[in-house]
Amino acid sequence: MLGEIVSQSRKCRPLVHCMTNYVTANDCANILLACGGSAIMADDPDEAAEITAACGGLVLNMGTPNPRRLEALLRAGQAANRLGHPVVLDPVGVGSSAMRREAGKRLLASVRFAAIRGNATEIAALVHGTAAHRGVDADEAGGDGADGAEESAVRLARESSAIVVATGNTDIVTDGKTVYRVHNGHSMMQAVTGAGCQLSALLGAYVTANPDRPLQAALAAVCAMGLCGEIAHARLSPQDGNASYRNYIIDAVFRLTPETLERGARYETDR
Amino acid sequence: MLGEIVSQSRKCRPLVHCMTNYVTANDCANILLACGGSAIMADDPDEAAEITAACGGLVLNMGTPNPRRLEALLRAGQAANRLGHPVVLDPVGVGSSAMRREAGKRLLASVRFAAIRGNATEIAALVHGTAAHRGVDADEAGGDGADGAEESAVRLARESSAIVVATGNTDIVTDGKTVYRVHNGHSMMQAVTGAGCQLSALLGAYVTANPDRPLQAALAAVCAMGLCGEIAHARLSPQDGNASYRNYIIDAVFRLTPETLERGARYETDR
Amino acid sequence: MLGEIVSQSRKCRPLVHCMTNYVTANDCANILLACGGSAIMADDPDEAAEITAACGGLVLNMGTPNPRRLEALLRAGQAANRLGHPVVLDPVGVGSSAMRREAGKRLLASVRFAAIRGNATEIAALVHGTAAHRGVDADEAGGDGADGAEESAVRLARESSAIVVATGNTDIVTDGKTVYRVHNGHSMMQAVTGAGCQLSALLGAYVTANPDRPLQAALAAVCAMGLCGEIAHARLSPQDGNASYRNYIIDAVFRLTPETLERGARYETDR
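Chains as they are written, first to last, in the working numbering: chain A, 1174 to 1444; chain B, 1174 to 1444; chain C, 1174 to 1444.
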């Protein structure tokens, strides 16, 4: 099943409007190319919606925000919604500043997301934001341990109707009903900047190429990224560090076959 | 002949004001260093002209545009014209939005370019823009196949008095009279983000170091980039993908000798 | 002694607000991860101070400036001062434009720096700026040769009360009293874009993890970066160029042990 997501992405060659921060933009563009898709990147409000219309899917990454960029994210998201394009949200550091908290709330309130991908802290902050907005006790936000992450992810999925991915030691993928726990990945991926942004970009390609099965697309993206982290780690020479590792992960996405993903994906679900 | 362009670039060490998008800025800076030059990057209108004055050449890349950045491109281009510095235009996605179409028109109308480098679609869009401006039927823009690309490139070269490079399966290099068709390159280069931006940066260095022979400088840059794509491809291990390939291409530019380019350049011309 | 700086950085895992230009942002983030720290990057005035407060240290890099970004640098610097966080200044191209000269003066006048890192020209331009401000003859700025660099560095250290690092063939590290001359490094590092920015980021991590000994932290960062340039150079294959070299340098920082630095650091001092 997951293999089909990969092959569909190579077949459709999804063009993704990838609005991402300048720190990881190059890696995000290369990972989109690695999975068979390609990227356009435009972050000005005056053209964001028009560029969105020319693509098949949209990724909204909240890193390195500023008022113009946030306005562009909003306009692009609403344009994608009108056109029925899948939209992925990566709420980078959403709990770190008032500007980002407001942006997270506004985007959640104004754009319908196919998928949301963040680390446990970011997912908890988004739930907290929506929760506070609805007068629910902030204490419920939780999100420290794996249980908290799962609870926050499920809750955000239900409230937003999006597939939610909460990455951590165990990655959670849920549509609010089914919960997958993914065990792929390697701890050294934490030493690669923007590994999360890259996963969000990959997720954007997979969900754009597989619009009728976003839960499976998200599960495939999470397993694929983690598996590529394992494959890349096995390649490391004693002198290689996080910079070569970064390249090897994207290389592994480029080389990933449906069969490799089917064999290597490690996940479980209650159902 | 092409070898001299390479050696001249290593000898002059051209300092290029490279105004490029944030997605490919790092790669552009490294490819400028690889060919013996170096980059300064500044994109604010308040300092763009001043930084331009301190350099020998200028590259105007229209990627990730916004109004301030476009204003900076314009001011830098005009400053370079006043100083007699060669200016290269890379009209990234010029047909993709009204903002970019306007910017392309405005830059063409206000700045004299030594060279313009785009893919066939971008070159056709630029011709279309200038054509429409002059009341010429838009249908003439064409530019789908190789023939269309060549026609558009020649026409843009004549209208702008710039050397025009239209990249594709076969790359076109023309001054509006002579047309070179370059057969270097590898299809996997399409899986490297910003390969076109990098070529424009390289072209900026070569034309800055060889101001009296821009057609040859452009031909050398196109052959060199393609040849380095071939050399880099030959290095790939079975586990390497587009990320390692990206590095190997820049590495090959770093190692490129005049002799290697003379031997490896594959191009033809009617004359 | 220098080894302890390295091990302290791996133990404390310093979180650094790294405000750097978009050309080198990715490499700066990866080098911070390589040394055991991590980066947050935010450059809008509306959130810069808030993000700063969540970190342990701050790096202010003046590359690719614009008025909003410069305002953000200022606010972040002042917030870090209020909180007692160490602040590192990298005055990229400070002498290249009026905007940068003004920014350099304003930052020096408004923010207390733990360390300032630039090349000899940048350090001389900063001294010249402050000197002119105080009516001192500009001729004293000097800074062409190694002697001039040392003189400028000592003077800037005394005037700013910061540790000053002036990089060049010989790197100078001084607190205005003790002067270290570092002989690590390889000339090919000049072919890697942002090697200086990366050193400033590394310095930010080391000084954040070792706030009570900034001179030693700066010396360790300069020796470490140079030594990693040597280690990376020894790894180069005949086909590798500056792109692979860039990765290998960060890899070497990732693999750097306290023992390797103790053995490999090459510096001298008059005291």
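Backbone N, C-alpha and C define an ideal beta-carbon position, used for all residues, glycine too.
Give me the residue from the options with the minimum Cα distance to residue i.
i                 : options                                    : result
VAL1196 (chain A) : C:ARG1248, C:ALA1212, C:ALA1207, C:GLY1268 : C:ALA1212
LEU1400 (chain A) : A:HIS1359, A:GLN1412, A:LEU1299, A:THR1381 : A:HIS1359
ILE1178 (chain B) : B:PRO1411, B:GLY1209, B:CYS1201, B:GLY1367 : B:GLY1209
ASP1443 (chain A) : A:ARG1354, A:VAL1337, A:GLY1236, A:ASP1348 : A:ARG1354
ASP1218 (chain B) : B:HIS1190, B:ILE1204, B:LEU1247, B:ALA1202 : First, the residue type needs correcting, since residue 1218 (chain B) is Pro and not Asp in the sequence shown. Per the Cα distances, B:LEU1247.
ARG1273 (chain C) : C:ALA1249, C:LEU1256, C:GLY1236, C:ALA1245 : C:GLY1236
VAL1284 (chain C) : C:ASN1292, C:CYS1201, C:LEU1243, C:GLU1323 : C:LEU1243
ALA1368 (chain C) : C:ARG1183, C:LEU1188, C:ALA1202, C:MET1174 : C:ALA1202
THR1193 (chain A) : A:MET1214, A:LYS1184, A:LEU1299            : A:MET1214
VAL1338 (chain C) : C:THR1366, C:MET1362, C:LEU1299, C:GLN1363 : C:LEU1299
GLN1371 (chain B) : B:ALA1407, B:CYS1191, B:GLU1324            : B:CYS1191
ALA1335 (chain B) : B:LEU1175, B:PRO1384, B:ASP1413            : B:PRO1384
ILE1204 (chain C) : A:GLU1441, A:ARG1439, A:TYR1418            : A:TYR1418
GLN1412 (chain A) : C:ILE1404, C:ASN1415, C:GLN1412, C:GLY1414 : C:ILE1404
ALA1287 (chain B) : B:LEU1329, B:GLY1437, B:ARG1439            : B:LEU1329
GLN1363 (chain C) : C:GLU1435, C:ASN1415, C:ARG1186            : C:ASN1415
ASN1199 (chain B) : B:GLY1437, B:ALA1249, B:ARG1241, B:ASN1420 : B:ASN1420
THR1340 (chain A) : A:ASP1320, A:ALA1282, A:GLY1302, A:ALA1293 : A:ALA1293
SER1325 (chain B) : B:THR1343, B:ILE1296, B:ASP1344, B:ASP1348 : B:ILE1296
GLU1441 (chain C) : C:ARG1408, C:GLU1432, C:LEU1392, C:ALA1407 : C:LEU1392
ARG1279 (chain B) : B:LEU1256, B:ALA1245, B:GLY1257, B:ARG1255 : B:ALA1245
ARG1439 (chain A) : A:SER1410, A:CYS1396, A:GLY1402            : A:CYS1396
GLY1257 (chain C) : C:VAL1327, C:GLU1332, C:GLY1321, C:THR1381 : C:THR1381
ASP1348 (chain B) : B:ILE1289, B:SER1182, B:ALA1226            : B:ILE1289
ALA1221 (chain C) : C:GLY1250, C:LEU1175, C:VAL1265, C:ARG1408 : C:GLY1250
ARG1408 (chain A) : A:THR1430, A:MET1361, A:ALA1394            : A:MET1361
GLU1223 (chain B) : C:GLY1291, C:THR1366, C:HIS1406, C:SER1270 : C:SER1270
VAL1265 (chain A) : A:PRO1238, A:GLY1176, A:ALA1282, A:ARG1255 : A:PRO1238
LEU1188 (chain A) : A:GLY1437, A:GLY1176, A:ALA1227, A:GLY1277 : A:ALA1227
ALA1394 (chain C) : C:VAL1365, C:THR1366, C:HIS1406, C:PRO1431 : C:PRO1431
ASN1254 (chain B) : B:HIS1406, B:LYS1184, B:LEU1281            : B:LEU1281
Tell me which residue opens and which closes the alpha helix (DSSP H) that residue i is part of.
i                 : result
GLU1275 (chain B) : 1271-1283
ASN1357 (chain A) : Here ASN1357 (chain A) belongs to no alpha helix (DSSP H), and DSSP marks it neither H nor E.
SER1180 (chain B) : 1175-1185
GLY1199 (chain A) : Sequence inspection shows Asn at residue 1199 (chain A); the Gly mentioned does not correspond to that position. Note, ASN1199 (chain A): alpha helix (DSSP H), 1198-1207.
Check for me: the beta strand (DSSP E) holding residue i runs from which residue to which?
i                 : result
GLY1349 (chain C) : That residue, GLY1349 (chain C), is in no beta strand (DSSP E); it is neither H nor E in DSSP.
CYS1191 (chain A) : 1188-1192
ALA1288 (chain B) : 1288-1292
THR1343 (chain B) : Here THR1343 (chain B) belongs to no beta strand (DSSP E), and DSSP marks it neither H nor E.
ALA1335 (chain B) : ALA1335 (chain B) -> no beta strand (DSSP E), and no H or E assigned at all.
ALA1128 (chain B) : Only positions 1174 to 1444 of chain B appear in this structure, which leaves residue 1128 (chain B) out of reach.
For residue i, go through chain E and note every residue whose CB falls closer than 8 Å to its CB, in chain order.
i                 : result
ARG1273 (chain B) : No chain E appears in this structure, whose protein chains are A, B and C.
Between the stretch 1224-1234 of chain C and the stretch 1252-1261 of chain C, do three or more beta carbon pairs fall short of 8 Å? yes
Which residues, taken in chain order from the stretch 1243-1271 of chain C, show a beta carbon closer than 9 Å to some beta carbon of chain B? GLY1266, SER1269, SER1270, ALA1271
Any residues in the stretch 1225-1242 of chain B with a beta carbon nearer than 8 Å to a beta carbon of chain C? Which ones, in chain order? ALA1227, ARG1241
Which runs of the alpha helix (DSSP H) spanning at least 4 residues fall entirely within the stretch 1374-1440 of chain C, listed in chain order? 1387-1408, 1415-1428, 1431-1437
For the stretch 1424-1439 of chain B, enumerate the residues whose C-beta is nearer than 8 Å to any C-beta of chain C, in chain order. Against chain C - using a Cβ distance shorter than 8 Å - the residues of the stretch 1424-1439 of chain B are ASP1424, ALA1425, VAL1426, PHE1427, ARG1428.
Hey, is the stretch 1382-1394 of chain A in contact with the stretch 1363-1379 of chain B, meaning 3+ C-beta pairs nearer than 8 Å? Short answer: they don't touch.
Which ranges would you report for the alpha helix (DSSP H) in the stretch 1223-1272 of chain C if only whole runs of at least 4 residues count? 1240-1256
Could you say if the stretch 1337-1353 of chain B and the stretch 1418-1429 of chain A meet the contact criterion of at least three C-beta pairs nearer than 8 Å? no
Going along the chain, which residues of the stretch 1179-1210 of chain A sit with their C-beta nearer than 7 Å to a C-beta in chain B? TYR1195, ALA1198, ASN1199, ALA1202, ASN1203, LEU1206, ALA1207
Please name the residues in the stretch 1353-1376 of chain B whose beta-carbon is closer than 9 Å to at least one beta-carbon of chain A, in chain order. GLN1363, ALA1364, VAL1365, THR1366, GLY1367
In chain order, what residues of the stretch 1388-1421 of chain C put their CB closer than 7 Å to some CB of chain A? ARG1408, ASN1420
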